[in-house]
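There are 2 protein chains.
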Amino acid sequence: MAVTIRQIAEAAGVSRGTVDRALNYRKDINKQQAERIRRIAGEMGYRPNRMGRALALSKNHIKIGVLIQFAHTAFMQRIMKGVDAAIEEMQRFQVEVIVKLIEDNDTDQTVIAMEQLRREGCRGIAMVPWNEKKIRDKIDEFAREGISIVTVNGDIADSERICFVGQDGFRSGCTAAGLMAEVLPLNKDVLIISGSPANTSNSNRAEGFRKEITKIRPDVKNIYIEYAFESNETAETICRKHLAAHAETGGIYLTAAGVKGVCKVLEEKKLTGIIKVISNDLTDENTEQLIKGNVQFLLGQDPYSQGYRPIQILFEKLVDGHDPEVKEEYTSIEIKTKYNL
Amino acid sequence: MAVTIRQIAEAAGVSRGTVDRALNYRKDINKQQAERIRRIAGEMGYRPNRMGRALALSKNHIKIGVLIQFAHTAFMQRIMKGVDAAIEEMQRFQVEVIVKLIEDNDTDQTVIAMEQLRREGCRGIAMVPWNEKKIRDKIDEFAREGISIVTVNGDIADSERICFVGQDGFRSGCTAAGLMAEVLPLNKDVLIISGSPANTSNSNRAEGFRKEITKIRPDVKNIYIEYAFESNETAETICRKHLAAHAETGGIYLTAAGVKGVCKVLEEKKLTGIIKVISNDLTDENTEQLIKGNVQFLLGQDPYSQGYRPIQILFEKLVDGHDPEVKEEYTSIEIKTKYNL
DNA sequence: TTGAAAGCGCTAACAA
DNA sequence: TTGTTAGCGCTTTCAA
Numbered sequence: 002m003a004v005t006i007r008q009i010a011e012a013a014g015v016s017r018g019t020v021d022r023a024l025n026y027r028k029d030i031n032k033q034q035a036e037r038i039r040r041i042a043g044e045m046g047y048r049p050n051r052m053g054r055a056l057a058l059s060k061n062h063i064k065i066g067v068l069i070q071f072a073h074t075a076f077m078q079r080i081m082k083g084v085d086a087a088i089e090e091m092q093r094f095q096v097e098v099i100v101k102l103i104e105d106n107d108t109d110q111t112v113i114a115m116e117q118l119r120r121e122g123c124r125g126i127a128m129v130p131w132n133e134k135k136i137r138d139k140i141d142e143f144a145r146e147g148i149s150i151v152t153v154n155g156d157i158a159d160s161e162r163i164c165f166v167g168q169d170g171f172r173s174g175c176t177a178a179g180l181m182a183e184v185l186p187l188n189k190d191v192l193i194i195s196g197s198p199a200n201t202s203n204s205n206r207a208e209g210f211r212k213e214i215t216k217i218r219p220d221v222k223n224i225y226i227e228y229a230f231e232s233n234e235t236a237e238t239i240c241r242k243h244l245a246a247h248a249e250t251g252g253i254y255l256t257a258a259g260v261k262g263v264c265k266v267l268e269e270k271k272l273t274g275i276i277k278v279i280s281n282d283l284t285d286e287n288t289e290q291l292i293k294g295n296v297q298f299l300l301g302q303d304p305y306s307q308g309y310r311p312i313q314i315l316f317e318k319l320v321d322g323h324d325p326e327v328k329e330e331y332t333s334i335e336i337k338t339k340y341n342l
Numbered sequence: 002m003a004v005t006i007r008q009i010a011e012a013a014g015v016s017r018g019t020v021d022r023a024l025n026y027r028k029d030i031n032k033q034q035a036e037r038i039r040r041i042a043g044e045m046g047y048r049p050n051r052m053g054r055a056l057a058l059s060k061n062h063i064k065i066g067v068l069i070q071f072a073h074t075a076f077m078q079r080i081m082k083g084v085d086a087a088i089e090e091m092q093r094f095q096v097e098v099i100v101k102l103i104e105d106n107d108t109d110q111t112v113i114a115m116e117q118l119r120r121e122g123c124r125g126i127a128m129v130p131w132n133e134k135k136i137r138d139k140i141d142e143f144a145r146e147g148i149s150i151v152t153v154n155g156d157i158a159d160s161e162r163i164c165f166v167g168q169d170g171f172r173s174g175c176t177a178a179g180l181m182a183e184v185l186p187l188n189k190d191v192l193i194i195s196g197s198p199a200n201t202s203n204s205n206r207a208e209g210f211r212k213e214i215t216k217i218r219p220d221v222k223n224i225y226i227e228y229a230f231e232s233n234e235t236a237e238t239i240c241r242k243h244l245a246a247h248a249e250t251g252g253i254y255l256t257a258a259g260v261k262g263v264c265k266v267l268e269e270k271k272l273t274g275i276i277k278v279i280s281n282d283l284t285d286e287n288t289e290q291l292i293k294g295n296v297q298f299l300l301g302q303d304p305y306s307q308g309y310r311p312i313q314i315l316f317e318k319l320v321d322g323h324d325p326e327v328k329e330e331y332t333s334i335e336i337k338t339k340y341n342l
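The listed protein sequences derive, respectively, from chains A and B.
Quick note: the first sequence uses the working numbering, first residue 2, plus one each step.
Quick note: the second sequence uses the working numbering, first residue 2, plus one each step.
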């Protein structure tokens, strides 16, 4: 039978209340006494029973907030799967999760939603942020008030958020380059279609790709980069113009949305499978092209974990009082073909 | 606040004990009474609080057994990582996990270990089985006694196990074929090096690979298959002889151990990166060759989940009374290059 | 067939 | 600064 507070109390010759005070570093307890009790607990191999604690705390009714923009997009839907699983799990512990969905990438709306969550009593918030002073300031303000923030998918590194959960974009780009290097014929050109140069996640990917492909495939003649701003139409136009001007193109890497537009051009020109396409994220639109054979590889960033882990991290912080072990938790880089979807 | 048994008791004008009897379909309760209470609970939207239940049951001290052969191998070590994580998690719910490690693939020893676990009070067992009548009979016997079995990594499909957790070998083989098809030059031969023809997991992989590569790369001239019985020395000999006899070999697929032996030959003959190598499992030995560039792709079968999930499934069965949602839980097929290890 | 009550491990409010 | 005690939601034993 596992060690309980009661047993420690007996062993230390004090009451259960005192043991509780010692183990949880509360005020109003003699320092040496606390130290001694903690030592005894350690020696006895004490591990707190989560259920006892959660049950006792269940009258407090801990609340965790989740804030997601572009909630309608396929990618965010996949994050929501993880959120839903976490909510299901949290119910076990009587922890309430309040989800706020925002359709636009609007700074003011985001700040307002953060304040709403605070008003509703959330002591932890998981959110997809972007680099904007108003938001960073609000995060820091919340941190000072003792409301823990975990950033998801995007990060504001110099803020007081307790953890970031998302992909290492540079490494993702390198991985794409490694795959491209395997399938690209000799002496060809490569085209990178990125989202927006302002989006750090996209530019990290592009940069990782460019650096690595240059290193391992010195035969590649030219590496071009264009920006499609996550639009299929723009990507299509870019692709059409580029292929007209550069017949030697052997591979296309997309850091963000636009796959459908590119594939439309490839199908027209009967270049499917001849020009190799690698892209990011397992959206329905993308996997459709993967299954068709228009795309060779898709790189996933484990959106499920991006929904699940932040809530779990906040739970451990709020219920167990444990800070996250790392400040950046990178999700795995999944390589997907049509066979292992 | 969620609906509790107490509230139902008040609403129904009975005691909490009676509500408990009704909701859990216990004996010693008036049938109509029970029906009525359940109806009221349903109307009130009652959902049992799992912590309260687990806490109340914690004196029963649920035990789960884990049975693993070849525990010293690198692959099983990775499964053990998942087992350890599950044990850590289980401790929080006062559930004890008893692990039995067996060094050999010995039927009698396995049966003895199963009986030991039963004697020690395990009400659920996760085990790596193999197809042997004695073992299937023992699984069925345990099932009749109410001891739930989850098979891991290998399966005995026609037994009374409640679930299998492991890889879909055929699909893994297809995935390997898809990758091989991308990197294999035109008009080459392919060599499959399998483990043992008797091992169903290996032969499923080999069969999946053979079927798929035949379909999608009709230019492939010959597909050979040899058996290395998980030995590097045998694999080396096979590879050496085969390459001497078949100069047109462009790719090698290994369903099981032997990568190191193959790579030794490739290094000698300066064929690294020219003959494409794809293999299974992220052992240290294998990843070393992947990083060196001797192997293009490794396929993982998520051994961590194979350690973690079975215990979780047994936990849900024993504590919550929930049967697993599926009878076969296939772990994901991970594609790894040196970039996304 | 039912009700009353103890207790699982923990926290927190109140007393001392 | 400490001890005592009343629950949190549920199961289970003992009486009735």
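Beta carbons: idealized from backbone N, C-alpha and C, even for Gly.
Nothing here was measured: the structure is a model prediction, and the numbers come from that model.
Integer-rounded CB distance, given that residue j should sit under 8 Å from residue i
i, j, result
"A/V263", "A/A246", "15 Å between Cβ atoms; not a contact."
"B/G147", "B/I65", "Between B/I65 and B/G147 the Cβ distance is about 14 Å, and since that is not below 8 Å, they are no contact."
"A/R172", "A/I334", "6 Å"
"A/R93", "B/R51", "5 Å"
"A/E227", "A/I239", "5 Å"
"B/I194", "B/G259", "6 Å"
"B/N233", "B/K271", "Not really, about 20 Å apart at Cβ, beyond 8 Å."
"B/A72", "B/I113", "About 16 Å; that fails the 8 Å criterion."
"B/M115", "B/L68", "7 Å"
"A/G274", "A/D190", "Not really, about 17 Å apart at Cβ, beyond 8 Å."
"B/E286", "B/A127", "Rounded, the Cβ-Cβ distance is 26 Å, inconsistent with contact."
"A/I150", "A/A158", "Actually they do not touch by this definition, with Cβ atoms about 13 Å apart."
Chain A contact residues for residue i, given Cβ-Cβ distances below 9 Å
i, result
"B/T338", "T176, G179, L180, E183 and I336"
"B/Q297", "E183"
Bridge-paired residues (DSSP) for residue i
i, result
"A/V100", "A/V67"
"A/V191", "A/I224 and A/G252"
"A/S280", "A/L299"
"A/Y331", "A/G167"
"A/M128", "A/L68 and A/T152"
"A/T273", "A/I276"
"B/I336", "A/I336 and B/L300"
Beta-carbon neighbours of residue i, restricted to chain A and to distances below 7 Å
i, result
"B/R51", "R93"
"B/N281", "What B/N281 touches in chain A: nothing, since even the nearest Cβ is about 13 Å away."
"B/N223", "Within chain A, no residue comes near B/N223; the closest Cβ sits about 23 Å away, beyond 7 Å."
Partners in chain B for residue i, counting only beta-carbon separations shorter than 8 Å
i, result
"A/A3", "Q92 and Q95"
"A/R343", "Limits of chain A in this structure are 2 at one end and 342 at the other, which puts residue 343 of chain A out of reach."
Proximal residues of chain A, C-beta to C-beta of residue i below 8 Å
i, result
"B/N205", "Those within 8 Å of B/N205 in chain A number zero; the least Cβ separation is about 14 Å."
"B/N154", "Simply none; closest approach about 18 Å."
Neighbouring residues, chain B, relative to residue i (Cβ below 7 Å)
i, result
"A/N200", "Those within 7 Å of A/N200 in chain B number zero; the least Cβ separation is about 22 Å."
Partner residues on chain B for residue i, Cβ-Cβ distance less than 9 Å
i, result
"A/N287", "None at all; the shortest Cβ gap to chain B is about 16 Å."
Problem set entry | 3 or more residues per run - each beta strand (DSSP E) lying fully within the segment 37-86 of chain B | 64-70
For this session: Quick one: which residues of the segment 171-192 of chain A get their C-beta closer than 9 Å to a C-beta of chain B? List them in chain order.
Result: R172, S173, C175, T176, A177, A178, G179, L180, E183 and V184
Problem set entry | 3 or more residues per run - each beta strand (DSSP E) lying fully within the segment 193-269 of chain A | 224-228 and 250-255
Exercise. Quick one, which residues of the segment 53-66 of chain A are near chain B if we go by CB-CB under 8 Å, in chain order?
Worked result: G53, A55, L56, S59 and H62
Problem set entry | Residues in the segment 305-320 of chain B having any Cβ partner in chain A nearer than 9 Å | none
Problem set entry | Members of the segment 16-33 of chain B near chain A, C-beta cut-off 8 Å | Result list empty, no residue passes.
Problem set entry | Under 7 Å (Cβ pairs) to chain A, residues found in the segment 226-238 of chain B | none
For this session: With 8 Å as the limit, tell me which residues of the segment 103-132 of chain B have their beta carbon closer than that to any beta carbon of chain A; keep them in chain order.
Result: So nothing in the stretch comes that close.
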